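Asks: For the record, the sequence lines run as chains A and F. Here the first sequence is numbered in my numbering, starting from 37 and rising by one per residue. Here the second sequence is numbered in my numbering, starting from 37 and rising by one per residue. Yeah, the Cβ is synthetic: ideal placement off N, Cα and C, and Gly gets one too. All figures in this text were calculated on a predicted structure; none of them were measured in a lab.
Number of protein chains: 2
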Amino acid sequence: MSPEQLQGWSAQVLTRVESALDEWVPRSAPAGLGDAMRYGVLDGGKRLRALLVEAAAQAVGALETAAGREAALRAACAVELIHAYSLVHDDMPCMDNDVLRRGKPTVHVAFGEAQAMLAGDAMQALAFEVLTPDVGEGAGVPPAMQARLVRLLARASGQSGMAGGQAIDLASVGQALDEATLRDMHRRKTGALLRASVQMGAACAELGSDAPCWQALTDYGHTMGLAFQIVDDVLDATQPSGTLGKTAGKDADANKPTYVSLLGLDGARREADELLAQALAALSRSGLSADATGALAALAHRIVHRDH
Amino acid sequence: MSPEQLQGWSAQVLTRVESALDEWVPRSAPAGLGDAMRYGVLDGGKRLRALLVEAAAQAVGALETAAGREAALRAACAVELIHAYSLVHDDMPCMDNDVLRRGKPTVHVAFGEAQAMLAGDAMQALAFEVLTPDVGEGAGVPPAMQARLVRLLARASGQSGMAGGQAIDLASVGQALDEATLRDMHRRKTGALLRASVQMGAACAELGSDAPCWQALTDYGHTMGLAFQIVDDVLDATQPSGTLGKTAGKDADANKPTYVSLLGLDGARREADELLAQALAALSRSGLSADATGALAALAHRIVHRDH
Numbered sequence: 037m038s039p040e041q042l043q044g045w046s047a048q049v050l051t052r053v054e055s056a057l058d059e060w061v062p063r064s065a066p067a068g069l070g071d072a073m074r075y076g077v078l079d080g081g082k083r084l085r086a087l088l089v090e091a092a093a094q095a096v097g098a099l100e101t102a103a104g105r106e107a108a109l110r111a112a113c114a115v116e117l118i119h120a121y122s123l124v125h126d127d128m129p130c131m132d133n134d135v136l137r138r139g140k141p142t143v144h145v146a147f148g149e150a151q152a153m154l155a156g157d158a159m160q161a162l163a164f165e166v167l168t169p170d171v172g173e174g175a176g177v178p179p180a181m182q183a184r185l186v187r188l189l190a191r192a193s194g195q196s197g198m199a200g201g202q203a204i205d206l207a208s209v210g211q212a213l214d215e216a217t218l219r220d221m222h223r224r225k226t227g228a229l230l231r232a233s234v235q236m237g238a239a240c241a242e243l244g245s246d247a248p249c250w251q252a253l254t255d256y257g258h259t260m261g262l263a264f265q266i267v268d269d270v271l272d273a274t275q276p277s278g279t280l281g282k283t284a285g286k287d288a289d290a291n292k293p294t295y296v297s298l299l300g301l302d303g304a305r306r307e308a309d310e311l312l313a314q315a316l317a318a319l320s321r322s323g324l325s326a327d328a329t330g331a332l333a334a335l336a337h338r339i340v341h342r343d344h
Numbered sequence: 037m038s039p040e041q042l043q044g045w046s047a048q049v050l051t052r053v054e055s056a057l058d059e060w061v062p063r064s065a066p067a068g069l070g071d072a073m074r075y076g077v078l079d080g081g082k083r084l085r086a087l088l089v090e091a092a093a094q095a096v097g098a099l100e101t102a103a104g105r106e107a108a109l110r111a112a113c114a115v116e117l118i119h120a121y122s123l124v125h126d127d128m129p130c131m132d133n134d135v136l137r138r139g140k141p142t143v144h145v146a147f148g149e150a151q152a153m154l155a156g157d158a159m160q161a162l163a164f165e166v167l168t169p170d171v172g173e174g175a176g177v178p179p180a181m182q183a184r185l186v187r188l189l190a191r192a193s194g195q196s197g198m199a200g201g202q203a204i205d206l207a208s209v210g211q212a213l214d215e216a217t218l219r220d221m222h223r224r225k226t227g228a229l230l231r232a233s234v235q236m237g238a239a240c241a242e243l244g245s246d247a248p249c250w251q252a253l254t255d256y257g258h259t260m261g262l263a264f265q266i267v268d269d270v271l272d273a274t275q276p277s278g279t280l281g282k283t284a285g286k287d288a289d290a291n292k293p294t295y296v297s298l299l300g301l302d303g304a305r306r307e308a309d310e311l312l313a314q315a316l317a318a319l320s321r322s323g324l325s326a327d328a329t330g331a332l333a334a335l336a337h338r339i340v341h342r343d344h
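Pasting the structure below:
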């Protein structure tokens, strides 16, 4: 898949995802909560996690059935809800105290801290609600698939995944982290959810964890999770805030360790290229056709070579 | 079931629940996160929600199979995790700014605001993780039952349930709420999770939502949710902080509307007694035996006649 084809494919996927989020994130939630949730999650960012879900679902053939397509769309929206809630909470004054996100005031600036905390909490609950449609709501997403998607998402976002990584991050301010700890932090903080995105896409086909391609796709997701963070650190060190849509250089300013502070700019870039090669190798050994994994391969290139 | 029998039954249930939470809430979570989570959820409070899950599971015969017992225990722990996370977040400075909970410093006082927010977030994720054991972890809780339990819990805790009620609460400070709005707030804020506790217990038997007892148990749960909050307001107005283990009179001080400010002390007590009668009537029309629903009936009496 060429960069242009990826662009077209992404645009199609994102139209479905934005439209589903617009439907599922409620306007009607009481006392302004719905407005804060919608502000935090709608038209937000690159939707990389949603794209990984859909690309993985496509790779394993899940999109050939109505139930698989519905499951993938719900999984894509659920990971985006988790990601968005984590940003809302992460931006709050007691955490990173960030006032700018995707070029807009952060949720707590626009709606107040209490509403931002509640909106994040409700977005997390909504992610699990979206994954468990009742009979008649979900085009027959099988209950076993629902439970598996919840299992993957809950583990990736909780203490052993994203929240655990944030706790390490919190404790790391001003610390000289060694490379192993920095990798562990990012494996959890951003890596776990990116990896889970790929796994959730693969779980939209009825595919056992012992299927030959499951481990290969998991390896792809793990590798891309790491590469994503390294490139994030490189961009944070080299791009102005306007391009990023958020405050640049914050981690370095807060004396937080980054891959750039650890490996240097060139070292970090080399590492990202090496991880791209590993991710493509994982796709090759998945046993899936190059055509099937085309979107995953193109996304890997885009993750590593993006400029914002 | 006499008050003494309820005492013995509760003690047995709580031994299982505390032991399971001790196992499932991880000591090992990184950078102090596990300590904050354990502080927020272990040996905490009356465990009313866990007792409602187990009593409802017993009423429908779910505890007669190993899978049903495992499902009920997981459901009981999951609702307690959701309840505990909501208290951790609710106590934070941007919300109620409470420093005392169950006679101990609140989580943000003991661990800092950032860690408290993360611990609450991770507790919510853990609730859904506990409900979706992998093959080999969960004594064969059927995937369809897992998905249904997640569905009930996610809906009760999100924007249309608990989080939505908290948003109304937040917006209500200093407002003269009418009775309908006050009831709507509590139906969501505390009522939804109490009702879901009963439904989740009932869902531990493979019981359709069209089963005759499902609606009766749902009515019981709804009624008890309302009664619980009314009695809470009465106790808050009449008991010293030492008995409650939290700061008494806070809602009245913050000029928040309560059932007592709306109905008067006697009116609130009469309403609680009326709801008790309705809850017992719902059990009578459930079609379940008085023996099966004994724990639910005894819990209803205890909820209304408790003194802390």
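Leaving out five residues on either side along the sequence, give the residues of the same chain with a beta carbon under 8 angstroms from the beta carbon of L262/A.
Replies: For this step, residue 262/A is matched to residue 226 along the first sequence. So the qualifying residues of the chain are R219, H222, R223, G227 and L311.
Asks: So C130/A contacts chain F; which residues on that side make the cut at Cβ distance below 7 angstroms?
Replies: One-based indexing of the first sequence puts residue 130/A at position 94. Those are E149, A150 and M153, listed as they occur along chain F.
Asks: What runs of the alpha helix (DSSP H), each 4 residues or longer, lie entirely inside the region 176 to 217 of chain A?
Replies: 179 to 193 and 198 to 208, all fully within the region 176 to 217 of chain A.
Asks: Cutting at 7 angstroms between CB atoms, please list the residues of its own chain near A304/F, excluding the five before and the five after it.
Replies: What you label residue 304/F is simply residue 268 of the second sequence in a count that begins at 1. The answer, listed in chain order, is I266, D269, V270, Y295 and V296.
Asks: With DSSP run on the structure shown, which of helix, strand or coil describes L99/F?
Replies: For the purposes of this step, residue 99/F is identified with residue 63 of the second sequence, where counting begins at 1. Of the three classes helix, strand and coil, the one that applies to L99/F here is helix, per DSSP.
Asks: Rounded to the nearest angstrom, what separates M37/A and A91/A at their Cα positions?
Replies: Position 1 of the first sequence holds residue 37/A. Position 55 of the first sequence holds residue 91/A. Cα to Cα, M37/A sits roughly 12 angstroms from A91/A.
Asks: Classify G76/A: buried if its beta carbon has 16 or more other beta carbons within 10 angstroms, exposed otherwise.
Replies: In the first sequence, counting from the first residue as 1, residue 76/A sits at position 40. G76/A should be labelled buried.
Asks: Taking Cβ-Cβ distances shorter than 9 angstroms, what residues in chain A pair up with M236/F?
Replies: Reading the second sequence from its first residue, position 200 is the one you call residue 236/F. Here the premise fails: no neighbours, minimum Cβ distance about 13 angstroms.
Asks: Return the Cβ separation of M181/F and L230/F in integer angstroms, given the expectation that the two are a contact with Cβ distance under 8 angstroms.
Replies: As a position in the second sequence, residue 181/F is number 145, starting the count at 1. As a position in the second sequence, residue 230/F is number 194, starting the count at 1. Going by Cβ atoms, the distance from M181/F to L230/F rounds to 21 angstroms, so no, they are not a contact pair.
Asks: Using a Cβ-Cβ cut-off of 6 angstroms (strictly less than) and excluding sequence neighbours within five positions of L324/A, which residues of its own chain qualify?
Replies: The residue given as residue 324/A occupies position 288 in the first sequence. Answer for L324/A: A95 and C249, listed in chain order.
Asks: By how many angstroms is the C-alpha of L42/A removed from the C-alpha of A334/A?
Replies: Indexing the first sequence from 1 puts residue 334/A at position 298. Indexing the first sequence from 1 puts residue 42/A at position 6. Going from the Cα of A334/A to the Cα of L42/A covers about 6 angstroms.
Asks: For R137/A and A67/A, what's the separation of their Cα atoms in angstroms?
Replies: Taking the first sequence and counting its residues from 1, one reaches residue 137/A at position 101. Taking the first sequence and counting its residues from 1, one reaches residue 67/A at position 31. Those two C-alpha atoms are separated by around 24 angstroms.
Asks: Just checking H144/F against the ligand MN - is the residue's beta carbon closer than 6 angstroms to any of the ligand's heavy atoms?
Replies: Absence of the ligand MN is noted for the structure shown, with no ligands found whatsoever.
Asks: What is the DSSP secondary structure of P20/A, reduced to helix, strand or coil?
Replies: As displayed, chain A neither begins before 37 nor continues past 344, which places residue 20/A out of reach and without an answer.
Asks: Against chain A, which members of the region 108 to 121 of chain F pass a CB distance test of less than 7 angstroms?
Replies: Of all residues in the region 108 to 121 of chain F, none has a Cβ within less than 7 angstroms of some Cβ in chain A.
Asks: My understanding is that S46/A touches L87/A, with C-beta atoms under 8 angstroms, so please give their C-beta distance in whole angstroms.
Replies: Start at 1 with the first residue of the first sequence, and residue 46/A comes out as number 10. Start at 1 with the first residue of the first sequence, and residue 87/A comes out as number 51. So it is a contact: roughly 6 angstroms between Cβ atoms.
Asks: Which two residues bound the contiguous alpha helix (DSSP H) that contains Q275/A?
Replies: To locate residue 275/A, count along the first sequence from 1; it is residue 239. Premise fails: Q275/A is in no alpha helix (DSSP H) and is neither H nor E.
Asks: Distance check for G97/F and A328/F, CA to CA, integer angstroms please.
Replies: Translated into positions along the second sequence, residue 328/F becomes position 292. Translated into positions along the second sequence, residue 97/F becomes position 61. Taking the straight line from one Cα to the other gives about 8 angstroms.
Asks: Should A56/F and C113/F be called a contact, given that it needs their Cβ atoms to be closer than 7 angstroms?
Replies: Counting from 1 along the second sequence, the entry for residue 56/F is found at position 20. Counting from 1 along the second sequence, the entry for residue 113/F is found at position 77. It is a contact, given that the beta carbons lie within the stated cut-off.
Asks: Within 8 angstroms, do at least three Cβ pairs link the region 197 to 212 of chain A to the region 235 to 253 of chain A?
Replies: Counting Cβ pairs under 8 angstroms, fewer than three are found: no touch.
Asks: Which same chain residues, not among the five before or five after V166/A, have their C-beta less than 6 angstroms away from its C-beta?
Replies: The count along the first sequence starts at 1 and reaches residue 166/A at position 130. Contacts found: W60, R110, C113 and A114.
Asks: By how many angstroms is the C-alpha of E100/F removed from the C-alpha of P179/F?
Replies: Here residue 179/F refers to the residue found at position 143 when the second sequence is read from its first residue. Here residue 100/F refers to the residue found at position 64 when the second sequence is read from its first residue. Using only the alpha carbons, I get a separation of about 19 angstroms.
Asks: With 7 angstroms as the threshold, decide whether the Cβ of A106/A is near any Cβ in chain F.
Replies: Within the first sequence, numbered from 1, the residue matching residue 106/A stands at position 70. A quick correction: the sequence has Glu, not Ala, at residue 106/A. Not closer than 7 angstroms to any Cβ of chain F, the Cβ of E106/A fails to qualify, so no.
Asks: List the DSSP bridge partners of P141/A.
Replies: One-based indexing of the first sequence puts residue 141/A at position 105. Partner(s): L136/A.
Asks: Using the rule of at least 16 other Cβ atoms within 10 Å of the residue's Cβ for burial, across every protein chain shown, is S64/A buried or exposed?
Replies: Against the first sequence, residue 64/A aligns to sequence position 28. When all chains shown are included, S64/A counts as exposed.
Asks: Say whether chain A places a C-beta atom closer than 7 angstroms to the C-beta of G227/F.
Replies: On the second sequence, residue 227/F is found 191 positions in, with the first residue counted as 1. Output row for G227/F: interface = no.
Asks: Here's a check: name, in chain order, each residue in its chain whose Cβ is nearer than 8 angstroms to the Cβ of A346/F, leaving out the five neighbours to either side.
Replies: Shown here, chain F extends from 37 to 344; a query on residue 346/F therefore has no answer.
Asks: Does the distance from the C-beta atom of A238/F to that of V177/F stay below 7 angstroms?
Replies: The count along the second sequence starts at 1 and reaches residue 238/F at position 202. The count along the second sequence starts at 1 and reaches residue 177/F at position 141. Result no, Cβ atoms of A238/F and V177/F do not sit closer than 7 angstroms.
Asks: Using a 10 Å radius around the Cβ and a threshold of 16 neighbouring Cβ atoms, would you call T142/A buried or exposed?
Replies: Residue numbering aside, residue 142/A sits at position 106 when the first sequence is read from its first letter. Per the 10 Å Cβ criterion, buried.
Asks: For P179/F, go through chain A and note every residue whose CB falls closer than 9 angstroms to its CB, in chain order.
Replies: Here residue 179/F refers to the residue found at position 143 of the second sequence. Within chain A, the residues near P179/F are P178, P179, A180, M181, Q182, A183 and R184.
Asks: I need the straight-line Cα distance from V89/F to G257/F, nearest angstrom please.
Replies: Here residue 89/F corresponds to residue number 53 of the second sequence, with the count starting at 1. Here residue 257/F corresponds to residue number 221 of the second sequence, with the count starting at 1. Each residue's alpha carbon lies about 10 angstroms from the other.
Asks: Taking the C-alpha atoms as reference points, what is the distance between A150/F and A72/F?
Replies: Here residue 150/F is taken as the residue at index 114 of the second sequence, counted from 1. Here residue 72/F is taken as the residue at index 36 of the second sequence, counted from 1. Near 11 angstroms, if we compare the C-alpha coordinates of A72/F and A150/F.
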